[in-house]
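**Q** Encoded as structure tokens, here's the structure I'll be asking about.
There are 2 protein chains.
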Amino acid sequence: MGLPGDTNLELLHYIGSTDMHWVGNSNELNAAYAADGYSRIKGCPGVILTTMGVGELSAINGIAGSFAENVKIIHVVTATGRAAQEKRVMIHHTLGDSPDHRIYAKISSPVRVAHCYLDDENTAVAGIDRVIRECYIHSRPVYIYVPVDMAHKPVAASALDKPLLLTRPSETTAEQAAVDAVLGAIHSSKNPVVLVDSLILQLGLKPLVRSFLNNLKFPTFCPFMGKSVIEERKPYFRGTYNGKFSYPGVQKAVEEDSDLVIHIGPLPTDMNTGGFSAKIDPKKLILLQETKVIFKGELFVGVYLESFLTRLSNSLDISRVPKTSSLALPALPPLPSNSEAKDPFITQSHLWPRIGKFFRAHDIIFSDGGTCHFGLQDAEFPDITYIMQNHWASIGYALPATFGGAIAKRDLTNSKAEGWNGVKGGGDGRVIFITGEGAMQLTVQEVGSMIREQLDVIIIIINNGGYSIERCVVHPDAAYHDIATWNHKHMLDFFGAEDGAARTYQVRTKVELEAVLTRPELEDPQGVHVLEIFTDKMDFPWRLKAFGEAYREMKGT
Amino acid sequence: MGLPGDTNLELLHYIGSTDMHWVGNSNELNAAYAADGYSRIKGCPGVILTTMGVGELSAINGIAGSFAENVKIIHVVTATGRAAQEKRVMIHHTLGDSPDHRIYAKISSPVRVAHCYLDDENTAVAGIDRVIRECYIHSRPVYIYVPVDMAHKPVAASALDKPLLLTRPSETTAEQAAVDAVLGAIHSSKNPVVLVDSLILQLGLKPLVRSFLNNLKFPTFCPFMGKSVIEERKPYFRGTYNGKFSYPGVQKAVEEDSDLVIHIGPLPTDMNTGGFSAKIDPKKLILLQETKVIFKGELFVGVYLESFLTRLSNSLDISRVPKTSSLALPALPPLPSNSEAKDPFITQSHLWPRIGKFFRAHDIIFSDGGTCHFGLQDAEFPDITYIMQNHWASIGYALPATFGGAIAKRDLTNSKAEGWNGVKGGGDGRVIFITGEGAMQLTVQEVGSMIREQLDVIIIIINNGGYSIERCVVHPDAAYHDIATWNHKHMLDFFGAEDGAARTYQVRTKVELEAVLTRPELEDPQGVHVLEIFTDKMDFPWRLKAFGEAYREMKGT
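Structure follows, in structure tokens:
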């Protein structure tokens, strides 16, 4: 991903003679988001190529999001030649007199785990290998800085003969001790529950966790960002647990009535804990983290999640796993009230369960982190891949990420490979992007890239007249929540589609929505299709409303 | 300018009860560019309000551009409450475990001259005053960090009684000595020339320099970024001086045949010096810089440009200024060749002089830094305001900057005030934005903001099938120069204009171009109009072609 720029043209040109594939983006922030989406679908690092200064700084917010949410990115920055750097030449894209051409690399250091400067052909190969390894091990961004005159230096290919070691081995003794402790707790539990959380997805462990839980069958809840880990028609899946913003009964079952909580891949952020209202007694809590296990307060370090879960799964003796539970478990999502059911217009409480029914197995769903992600908690997910960026929470992320994800799916289809978290190429899965109309404005130009690359994508726009997630926090009527009113009927035509208006459906009522969602073009989309759903400006998903209240309470604390 | 975000809503709400005006943008990078454009037209700082993390990092490339090009920006960043920061709460928009909520403020420190953290109501006022003063004095960005719980703290208004001191006084003795030296050189020169450069515009000194030169009348050239300082129909204006990329005769006249070169407001970047090919003997060179004068190698420090030029102008004795010169001065831009004149299609050599004739006094022109800025060097400028960002050279800057500039013009009209560099509100001046179709893709959503704010803007798109400025540097046929092909006929309709297609004109021939440029709607535009001009993909302005060659030669040096 990336954009051509004067210093990267030389390097870019070599891509043509490799089996790598260059995908241009419309701007560098979008490129960073797209590389992130690519990595989340395919599992390998997303690679972004930018020029120094203007390019890399435009991308930095996207890279920061990948850092915050454990996504593997290799950011290649091409710079002026070494001599120009040495002389601190006042070339374009530099700051002030006698400029430091590497100042930007320093600026971005907090949003990566490793970097290398390719200043010497004798050390370049080792530098590149080192950062790629760090990228995989920490599942976070790395940075490679290439002076333009280095692009033509030949290096030895011999290092390619030896595969890179891309994982850290768990410490066997600690890992076994942790497995024994957890197994003991499982065997002796009476009312256990499991929480499946964000890091499972970010570390690509969904198939492993699913297989483990298919054996374990303990009542399982997902925190906000663990949505989609479990195929939700499984009888042991019991919905979203998000502290006090859970369905009635959920918080009590998890926090009070259980005697054991196994929390896999926790990400204890405000969004993911109901504004920190999730409180589980540490004495009954097992946290399975990225690099350690915290067992009822006892720490096992050097224990890595994938290796640990594999050993735990292999050690599980089904005959000793408790089969019954006296937990009073809540019913799954209640139906909308009668008055809402009679309303001909599309309400939030009608919308999201209906969207859930539109999804089918193998779909890849990208959702913006605003209203949509709150609403989709009330949709029952089949076996889908669901991507949102709810911790870094950068509005506009999801559109370019969808573009990257659709490219990744195409690559998987072409190579007949399996992707991250068991995602499949080809087959009958669709790529669907769900967004508020406000969020889409930030990064809309990547729709043009989707059309240029002839990708098949369904874009669902929830048009509720502004930034609802902000409107919901304070002063809902204030004019600053309003945004420019675009006419999405013309979007695809503008971005270069042949018959854009004909592929764009705008609906206001439940009947209209039903008619569109069952169209054959959306069953098997060819090219980009747009479904715009109008909802009332003051109608929020119930969780968002509750979250807005909590945010007002906690903002100073 | 800016976007609402959870932590800034509280502060934003107070704007409603002031005479400040909130203008929402489509994303934060665009907001930064727009604030920059606003400042360049109005002269006061542009103010941008973003949320911490996602918002401020998205804006950082725009702020860096303002730093590189001496534009006054106040970036207000709203953050989590002080208690949450103290506890390093893992709230959304933070990085990693136990996150530092101020890490972003550290990231952006190289692109500002001052900052303050509003942590204490007793020091907040002094902090704000200090950074505003630094913003003016250095003509560069500053940063104000507001924890959300501080937004409601009352502070004393008494500091407002005393106007801020916003300039630095020159050191009188040094200034007088420098004036004496320069006057002596003027009086004794035989073949003097003047170069009017970038910092004149960035420091708002155009009227002062014009008045000085109207008295001096020495042959005057502009480096690339000094374009528009002089009304070009003045007989003493002799065109662009850009080292070896000047019209035949210009480099010789300036570098060899002159005996004195007065260079006002120099910015010695690659773009501005013909790729560093401009070489003037220091023994005949006077550099009038922002904070010092370098007189034939002798340094006068603590001499500030505005104060110095004022004293110099006042001290000038016209009777002692040489009136004649034996310099062989080149003719102004040559006409296109006969074969080009007969070509019915629009060539680069035809286009730019014609666009120059379309401009009229008091127009405000924003140009993208790519092909357009190279081409416009061959347009004769009437008394216009011309803005481009040619040193930071961030592609996509000019569209949101135009939006900011149009808002500034509206403010000037409403307040009947004069802006920066003598720019007028109201009157018959138009706001015109000129861009390549490639550059426009990076920031296109701000067209929606123009329509929402009902601004009158002419958008001229030069559609030459990709990133020409990159194409011109290496491998012109490479696919990575190609971009998504948009259909601009639908752009205004998409972004919410009532009758967008009817306001959009697409031309391919000289005859069609002529017909559109003389339309009454473009004489006095109401709302946004689009003129798309198609040119050949391999036809570059001659200066761009020469620059591409030079870039290839110097890239490793």
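In order, the protein sequences belong to chains X and S.
Under this note's numbering, think of the first position of the first sequence as -12, with each following residue one higher.
Under this note's numbering, think of the first position of the second sequence as -12, with each following residue one higher.
Don't be surprised by glycine CBs; every beta carbon is placed ideally from N, CA and C.
Note that the coordinates shown come from a computational prediction; the quantities given were computed from them, not determined experimentally.
Over what stretch of residues does the alpha helix (DSSP H) that includes S:SER175 continue unbroken?
**A** The count along the second sequence starts at 1 and reaches residue 175 of chain S at position 188. Note, S:SER175: alpha helix (DSSP H), 159 to 175.
**Q** List, in chain order, every chain S residue whose beta-carbon is nearer than 8 Å to that of X:VAL461.
**A** Numbered from its first residue, the first sequence carries residue 461 of chain X at position 474. Going along chain S in sequence order, the residues near X:VAL461 (Cβ under 8 Å) are LEU(-4), GLU(-3), HIS0.
**Q** Going by DSSP in three states, X:VAL601 sits in which element: helix, strand or coil?
**A** Given a span of -12 to 544 for chain X in the structure shown, any question on residue 601 of chain X remains unanswerable.
**Q** Are the segment 39 to 47 of chain S and the segment 86 to 99 of chain S touching by the rule of at least three beta carbon pairs closer than 8 Å?
**A** Yes, the segment 39 to 47 of chain S touches the segment 86 to 99 of chain S.
**Q** For S:THR422 and S:TYR492, what's the separation of their Cα atoms in angstroms?
**A** As a position in the second sequence, residue 422 of chain S is number 435, starting the count at 1. As a position in the second sequence, residue 492 of chain S is number 505, starting the count at 1. Taking the straight line from one Cα to the other gives about 15 Å.
**Q** Could you check which residue in X:ARG347, X:ASN178, X:GLU121 has the C-alpha nearest to that of X:SER547?
**A** Because residue 547 of chain X is not part of the residues shown, which for chain X are -12 to 544, the question remains open.
**Q** Leaving out five residues on either side along the sequence, give the residues of the same chain with a beta carbon under 8 Å from the beta carbon of X:ALA146.
**A** Walking along the first sequence from the start, residue 146 of chain X turns up at place 159. Same-chain partners within the cutoff: VAL112, ALA113, ASP116.
**Q** Quick check on S:HIS102: does DSSP put it in helix, strand or coil?
**A** Locating residue 102 of chain S in the second sequence gives position 115, where the first residue counts as 1. The answer is strand: DSSP assigns S:HIS102 an E or B state.
**Q** For S:GLY543, collect the residues of the same chain with a Cβ closer than 7 Å to its Cβ; drop the 5 residues on either side in sequence, then sort them by chain order.
**A** The residue given as residue 543 of chain S occupies position 556 in the second sequence. Model confidence at S:GLY543 stands at a pLDDT of 47, short of 50, so the residue's coordinates are unreliable; what they give is reported in the following sentence. If we look at S:GLY543 and ignore the five residues flanking it on each side, it has no Cβ neighbours.
**Q** Using a Cβ cut-off of 7 Å (strictly closer), state whether S:LEU531 contacts chain X.
**A** In the second sequence, the residue the question calls residue 531 of chain S occupies position 544. For S:LEU531, the answer is no, since every Cβ of chain X falls outside 7 Å of its Cβ.
**Q** Can you tell me where the alpha helix (DSSP H) with X:GLU424 in it begins and where it stops?
**A** Indexing the first sequence from 1 puts residue 424 of chain X at position 437. Unbroken alpha helix (DSSP H) run through X:GLU424: 424 to 429.
**Q** Since S:ARG439 meets chain X, which of its residues come closer than 9 Å, beta carbon to beta carbon?
**A** Position 452 of the second sequence, counted from the start, is the residue given in the question as residue 439 of chain S. Chain X residues near S:ARG439: ASP469, ILE470, ALA471, THR472.
**Q** Using 7 Å as the limit for Cβ to Cβ distance, is X:TYR454 near chain S?
**A** Translated into the one-based positions of the first sequence, residue 454 of chain X becomes position 467. X:TYR454 counts as touching chain S.
**Q** I'd like the list of long-range same chain contacts for S:MET375, defined as Cβ closer than 6 Å, with 5 residues on each side in sequence excluded.
**A** As a first step, residue 375 of chain S must be located in the second sequence, where it is residue number 388. Same-chain partners within the cutoff: SER354, GLY356, HIS360.
**Q** Between S:VAL517 and S:HIS477, how many whole angstroms is the CB-CB distance? I'm expecting something under 8 Å.
**A** Reading the second sequence from its first residue, position 530 is the one you call residue 517 of chain S. Reading the second sequence from its first residue, position 490 is the one you call residue 477 of chain S. In fact, because the Cβ distance is near 10 Å, the residues do not count as touching under 8 Å.
**Q** Considering only the alpha carbon of each residue, which of X:ALA168, X:SER381, X:PHE199 lies closest to X:ILE217?
**A** Within the first sequence, the letter at position 230 stands for residue 217 of chain X. With distances taken between Cα atoms, X:ILE217 lies closest to X:PHE199.
**Q** Could you pull out every residue in the same chain whose Cβ sits closer than 7 Å to the Cβ of S:THR(-6), ignoring the five residues on either side in sequence?
**A** By 1-based counting over the second sequence, the position of residue -6 of chain S is 7. Hits under 7 Å: THR38, MET39, THR65, ALA66, THR67, VAL135.
**Q** S:LYS283: which of S:LEU247, S:CYS459, S:ILE419 sits nearest, CA to CA?
**A** Counted from its first residue, the second sequence places residue 283 of chain S at position 296. Of S:LEU247, S:CYS459, S:ILE419, the residue nearest in Cα terms is S:LEU247.
**Q** Give me the Cα-Cα distance between S:TRP537 and S:ILE267, rounded to the nearest whole angstrom.
**A** For the purposes of this step, residue 537 of chain S is taken as residue 550 along the second sequence, with counting starting at 1. For the purposes of this step, residue 267 of chain S is taken as residue 280 along the second sequence, with counting starting at 1. It is worth fixing the name first, because residue 537 of chain S is Ala in this sequence and not Trp. S:ALA537 and S:ILE267: Cα-Cα distance of roughly 19 Å.
**Q** The beta strand (DSSP E) that contains X:ASN(-5), what's its start and end?
**A** Within the first sequence, the letter at position 8 stands for residue -5 of chain X. No beta strand (DSSP E) holds X:ASN(-5); DSSP gives it neither H nor E.
**Q** Near S:GLY435, what residues of its chain come up, given a Cβ to Cβ distance below 7 Å and the 5 sequence neighbours on each side ignored?
**A** By 1-based counting over the second sequence, the position of residue 435 of chain S is 448. Taken in chain order, the residues that qualify are SER13, PHE482, GLY483.
**Q** Looking at C-beta atoms only, is the number of pairs between the segment -4 to 16 of chain S and the segment 409 to 426 of chain S that lie closer than 8 Å three or more?
**A** The answer is no - the segment 409 to 426 of chain S does not touch the segment -4 to 16 of chain S, with fewer than three Cβ pairs under 8 Å.
**Q** I'd like to know if S:SER436 contacts chain X, where contact means its C-beta is closer than 7 Å to some C-beta of that chain.
**A** Mapped onto the second sequence, residue 436 of chain S falls at position 449. Closer than 7 Å to some Cβ of chain X, the Cβ of S:SER436 qualifies, so yes.
**Q** Can you tell me whether DSSP reads X:ALA388 as helix, strand or coil?
**A** Start at 1 with the first residue of the first sequence, and residue 388 of chain X comes out as number 401. Here X:ALA388 sits in helix by DSSP.
**Q** Kindly indicate if chain X contains any beta-carbon less than 7 Å away from that of S:PHE481.
**A** To locate residue 481 of chain S, count along the second sequence from 1; it is residue 494. Yes, S:PHE481 lies at the interface with chain X (some Cβ there is under 7 Å from its Cβ).
**Q** Quick one: measure Cβ to Cβ for S:SER176 and S:PHE295, integer angstroms, because I've assumed they're closer than 8 Å.
**A** Locating residue 176 of chain S in the second sequence gives position 189, where the first residue counts as 1. Locating residue 295 of chain S in the second sequence gives position 308, where the first residue counts as 1. With a Cβ gap of about 19 Å, S:SER176 and S:PHE295 do not count as contacting.
**Q** Go ahead and label S:GLY171 buried or exposed: buried means 16 or more other beta carbons lie within 10 angstroms of its beta carbon, across all protein chains shown.
**A** Residue numbering aside, residue 171 of chain S sits at position 184 when the second sequence is read from its first letter. Exposed, since its Cβ has fewer than 16 Cβ neighbours within 10 Å.
**Q** Checking 7 Å against the spacing of the C-beta atoms, do X:ILE61 and X:CYS122 come in under that value?
**A** Here the question's residue 61 of chain X lines up with position 74 in the first sequence. Here the question's residue 122 of chain X lines up with position 135 in the first sequence. Contact flag set, yes.
**Q** Identify every residue that forms a DSSP beta bridge with X:PHE332.
**A** Along the first sequence, read from residue 1 onward, the residue named residue 332 of chain X stands at position 345. In DSSP, X:PHE332 forms a bridge with X:THR496.
**Q** Please go through the segment 236 to 316 of chain X and give each complete beta strand (DSSP E) segment of 3 or more residues, from N-terminal end onward.
**A** Listed in chain order, they are 247 to 251, 272 to 275, 279 to 282, 285 to 288.
**Q** What distance in whole Å lies between the Cβ atoms of X:ASN57 and X:SER126, which are believed to be in contact at a cut-off of 8 Å?
**A** For the purposes of this step, residue 126 of chain X is identified with residue 139 of the first sequence, where counting begins at 1. For the purposes of this step, residue 57 of chain X is identified with residue 70 of the first sequence, where counting begins at 1. Yes, X:SER126 and X:ASN57 are in contact; Cβ-Cβ is about 4 Å, under 8 Å.
**Q** Going by other Cβ atoms of all chains shown within 10 Å of its Cβ, with 16 needed for buried, is S:MET137 buried or exposed?
**A** Locating residue 137 of chain S in the second sequence gives position 150, where the first residue counts as 1. When all chains shown are included, S:MET137 counts as buried.
**Q** So, helix, strand or coil for X:THR400, using DSSP?
**A** By 1-based counting over the first sequence, the position of residue 400 of chain X is 413. DSSP places X:THR400 in helix when its eight states are reduced to three.
**Q** For S:PRO179, I'd like the list of residues in its chain whose CB is within less than 6 Å of its CB, leaving aside the five on either flank, ordered along the chain.
**A** Here residue 179 of chain S corresponds to residue number 192 of the second sequence, with the count starting at 1. Excluding sequence neighbours, S:PRO179 sits near PHE205, LEU247.
**Q** Determine, using beta carbons only, whether X:SER4 comes closer than 7 Å to chain S.
**A** As a working mapping, residue 4 of chain X is identified with position 17 in the first sequence. It does not: the Cβ of X:SER4 has no partner Cβ on chain S nearer than 7 Å.
**Q** By the three-class DSSP mapping on this structure, what secondary structure does X:CYS631 have?
**A** Outside the displayed span of chain X (-12 to 544) sits residue 631 of chain X, for which this structure offers no information.
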